[in-house]
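Chemist: Chains A and B, in that order, are what the protein sequence lines are. Remember, this note's numbering sits 176 above the position in the first sequence when you count from 1. Remember, this note's numbering sits 7 above the position in the second sequence when you count from 1. Got a structure here, written out as structure tokens. Questions coming.
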Amino acid sequence: MTTVERFQPLFQPRGVVISGVSTHPGKWGFLFLHHILRFGYEGRIFALNREGAEVLGRRTYRSIDDVPAAEADLLIVCTPTGINADLLRRAAARGVRAAFVAAAGYGEAGDDGKELERELVEVANGAGMLLAGPNGQGLISTPAHLCAQMVAPYPPPGRISLASQSGNLVSSFGNYAAMAGVGVSRAISCGNSAQLGVDDYLDYFLDDPETSVAFAYLEGVRDGRRFFDCASRFTARKPLVVLKGGATALGQAAASSHTGSLASDDRIFDGVCRQAGITRCETLEESYEAAATFATQPLPRGRRVVVFTAAGGWGVLCADACVRAGLEVVPLPEDLRRSIDALLPSRWSRANPVDLAGGETRDTIPTVLDLLAAHESVDAVLYLGIGIQSANAALLKTGPYYPDHGLDRIVDFHERQDRRYAEAAHAASEKHGKPVLCASELVYTDRTGTNPGPQTIGKIGRITYPSAHRAVRALTHLVRYAAWRRAREL
Amino acid sequence: MPTRTLSEFESKRLLGTYGVPTVEEALAVDEDAAAGVAAKIGFPVAVKLCAEGLAHKTERNLVRLGLADEPEVRAAAADLLALRGPGERDAVLLVQRMARGRRELIAGLVRDGQFGRCVMLGIGGIFAEVLGDVVFRLVPLSRRDALEMMDDLGASRVLAPFRGEPAVDRGAVAAVLLGLARLSEERRDVVSVDVNPLIVTGSSLVAVDALVEVEA
């Protein structure tokens, strides 16, 4: 059986059984049913309720034994610990091949809980069943339209898959995806990882054709070598973004040598990441932006960057950030300078950062974007300030003189231009196979979300970076991963 | 797991067999022998107290550096022998050539509870622990991993041409790291290795102090 086939009951189930579906809308079982229904899961749904009461206008089943055989692949467990091992056994008899145990009170809850958890694993292993959790928040599989979780959000569909040792981090990541628009394929909260752990999910994501990049949130690694091997397999084919919590200095004090005292868990983990080509991030937003960038931009061939801006200080700050991050703000090649000279009045910067100093006319920005991305000395372009024309237009549009005095026409023009710039950045990137990242704080300072610059980038399916620094950070992750691959001839 | 620490001399002998370049040195039991060794090596020399299990020599003032002639060596030797503690009657003198270099690295091996055997490289010397500028890789590591370790140091520029001295031979640093990795694979009883400092002299390297911890 291939890994994809093995995980099909969990992430592409033909039908889902939910145990412990209460009529009370505050209970987990109810919420699982609600979210699965609400987001349009297309397989069959069987809700179990002790009394067989109607829930959300649907009939329920008193017992798993009443569920038709071979109709459901996945069981979601929201019932109390005491009955669940038996439930799994009976579910297996109905043809269920995977369980997501949301119920808590297992390994995290003392010795009795540990014993119950062992029993679950035993039953699952005996029945050849996949066991996710227990004590997990749920799973998402957008290709199956499946929102099997008791919390928000259901992120937009996309090609990022994630496995998290904290359920809340799945939610947070999903919130970024919902806001920024680059979406999620599979997501799972690992819970106690009694049988399946992050390594197993990564093995699946690696072979899953619906995944092009993975994100993992880790607090601990059970078997370091296994994780290293798994991560190395992964990064040989797809980028892997990791955020690690709880970097402790355990055992440092006891060490007798310098080497020992310098060998904090975190430093060793950092070395593991560098060696295995893992993209390690420090924060969740950085993780999201790294993953979203991997999912939507081509890998750069090197670290030579051109910073392109319509005006001023942005370019300077961005160039500083590039240098600090180890990117090369490449000296502007002479032929490129001549080409741009032909398009602009002489006050443009004539250097990298390429600052147009407000001298652009109608077609300058799309033309320059293409020239920059096309040049053989340029590996990536950072384009700053998309949306400023529309932001100014918005003042005209919402003021007392609109639409008279020609305001309607100029507003139209500016908005059209920002749309064109977004499209041109994307076109240049696609045409020349190089990353072109657009940054503008308007993507979050404009609370209406209607600025045509960022809006168009979103429609195209990429993200607008909220600052030059965050764009640089994301690009640096791409540059590093690409260099790691090149060094290994991958 | 109980462990013991090889003497500095034994540690370096072991490391030497794995390609770690070590400073020219010899043991001496008393002042006369120390003076003889020093004359053979050539002045200036360093003299240290040396025994199995003897660590933290600098903190205990058991190191004498830059001894310029025979009288200085004799005085230092007598001084050090007098500083032997109650359990250290077996301690002898270790006489070394003084290695000169402005740049010091640290290299080592450690067994991590989660990831197992790891090789370390860092900026060495007395500030090694304060700076914490170190990088790790799991064993086995490739030559490419070893080279990338140098690039990952915060102060990697220290390895470039520096104050009139040539760039550090990256191949030599890689050879030390790969030697340590091989040691950790062939000698499963080795718990940790600490080479500090690994002094850069010209473009080459020399281990001036080292400790190997093994399972008891």
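Where is the CB? At the ideal position from N, CA and C, for every residue including glycine.
Which complete alpha helix (DSSP H) runs does the stretch 200-283 of chain A hold, if anything under 4 residues is left out?
Modeler: Listed in chain order, the alpha helix (DSSP H) runs fully inside the stretch 200-283 of chain A are 204-214 and 260-269, counting runs of at least 4 residues.
Chemist: Please report the residue range of the beta strand (DSSP E) in which Tyr393(A) lies.
Modeler: Val389 to Leu394
Chemist: Does any CB atom of chain A fall closer than 9 Å to the CB of Cys57(B)?
Modeler: Cβ-Cβ to chain A under 9 Å: no for Cys57(B).
Chemist: Find the residues of chain A that neighbour Phe122(B), judging by a C-beta separation of less than 7 Å, and give them in chain order.
Modeler: Gly400, Arg401, Phe404, Ile444 and Val448
Chemist: Taking Phe143(B) as the query, report the chain A residues whose CB atoms sit under 8 Å from its CB, ordered along the chain.
Modeler: Ala439, Arg443, Ile444, Asp446, Gly447 and Val448
Chemist: Mind checking whether Gly668(A) and Ala487(A) have CB atoms under 9 Å apart?
Modeler: Nothing about residue 668(A) can be reported from this structure: the residues present for chain A run from 177 to 666 only.
Chemist: By the DSSP assignment, the beta strand (DSSP E) with Arg190(A) in it spans what residues?
Modeler: Segment: none, Arg190(A) is in no beta strand (DSSP E) and carries neither H nor E.
Chemist: Would the stretch 540-547 of chain A and the stretch 503-523 of chain A be scored as touching if the rule is three or more Cβ pairs under 8 Å?
Modeler: yes
Chemist: Beta-carbon separation of Ala275(A) and Ile252(A) under 9 Å?
Modeler: yes
Chemist: Using the Cα positions of Ala456(A) and Lys203(A), report the straight-line distance between them to the nearest angstrom.
Modeler: The residue you asked about is not Ala; residue 456(A) is Arg in the sequence shown. In a straight line, the C-alpha of Arg456(A) is about 36 Å away from that of Lys203(A).
Chemist: For Gly94(B), decide whether its Cβ has a neighbour in chain A, counting only Cβ atoms nearer than 9 Å.
Modeler: The C-beta of Gly94(B) comes no closer than 9 Å to any C-beta of chain A.
Chemist: Measuring alpha carbon to alpha carbon, tell me which of Leu372(A), Asp405(A) and Thr411(A) ends up nearest Phe138(A).
Modeler: What is shown of chain A runs 177 to 666, which leaves residue 138(A) out entirely.
Chemist: Would you mind giving the Cβ-Cβ distance between Ala497(A) and Ala644(A), rounded to the nearest angstrom? I have them listed as a contact below 8 Å.
Modeler: 6 Å
Chemist: Under a three-way DSSP split, which group does Ser440(A) fall into?
Modeler: coil
Chemist: Which residues of chain A have a Cβ atom closer than 9 Å to the Cβ of Arg151(B), listed in chain order?
Modeler: Ala663 and Arg664
Chemist: How about Val180(A) and Leu250(A): are their beta carbons less than 9 Å apart?
Modeler: no
Chemist: Ala603(A) and Asp546(A): beta carbons closer than 9 Å?
Modeler: Yes, the pair counts as a contact, with Cβ atoms nearer than the cut-off.
Chemist: Distance, Cα to Cα, Ala188(B) vs Val397(A)?
Modeler: 23 Å
Chemist: Can you pull the DSSP bridge partners for Leu372(A)?
Modeler: DSSP, once it has assigned bridges, lists no residue as partnering Leu372(A).
Chemist: How close, in whole Å, do the beta carbons of Leu184(B) and Ala114(B) come, if the pair is a contact with beta carbons under 8 Å?
Modeler: 6 Å
Chemist: Step through the CB atoms of chain B and report whether any lies within less than 9 Å of the CB of Val397(A).
Modeler: yes
Chemist: Would you verify that the beta carbon of Gly427(A) is, or is not, closer than 9 Å to some beta carbon of chain B?
Modeler: No answer about Gly427(A) holds up, because its pLDDT of 39 lies below 50 and its placement is not dependable.
Chemist: Run through the DSSP bridge pairs and tell me what Thr29(B) is partnered with.
Modeler: Ala214(B)
Chemist: Where do the N-terminal and C-terminal ends of the beta strand (DSSP E) with Tyr559(A) fall, by residue?
Modeler: Counted as a single uninterrupted DSSP element, the beta strand (DSSP E) harbouring Tyr559(A) occupies residues Ala556 to Leu560.
Chemist: Quick check: the Cα distance between Leu87(B) and Leu101(B), rounded to an integer number of angstroms?
Modeler: Rounded to whole angstroms, Leu87(B) to Leu101(B) spans 10 Å at the Cα level.
Chemist: Mind checking who Val165(B) pairs with in its DSSP beta bridge?
Modeler: Paired residues: none, contrary to the question.
Chemist: Helix, strand or coil for Glu220(B), going by three-state DSSP, please let me know.
Modeler: strand
Chemist: Does the stretch 507-517 of chain A come within contact of the stretch 557-572 of chain A, defined as at least 3 CB pairs closer than 8 Å?
Modeler: no
Chemist: How about Glu155(B): is its C-beta nearer than 9 Å to some C-beta of chain A?
Modeler: yes
Chemist: Decide if the stretch 627-640 of chain A is in contact with the stretch 584-595 of chain A; the criterion is three or more beta carbon pairs, one per stretch, under 8 Å apart.
Modeler: yes
Chemist: Can you name the residues that DSSP bridges to Val483(A)?
Modeler: Leu558(A)
Chemist: Just list the beta strand (DSSP E) runs in the stretch 15-103 of chain B, keeping only unbroken ones of 3 residues or longer that don't cross its boundaries, in chain order.
Modeler: 32-35, 52-57 and 70-74
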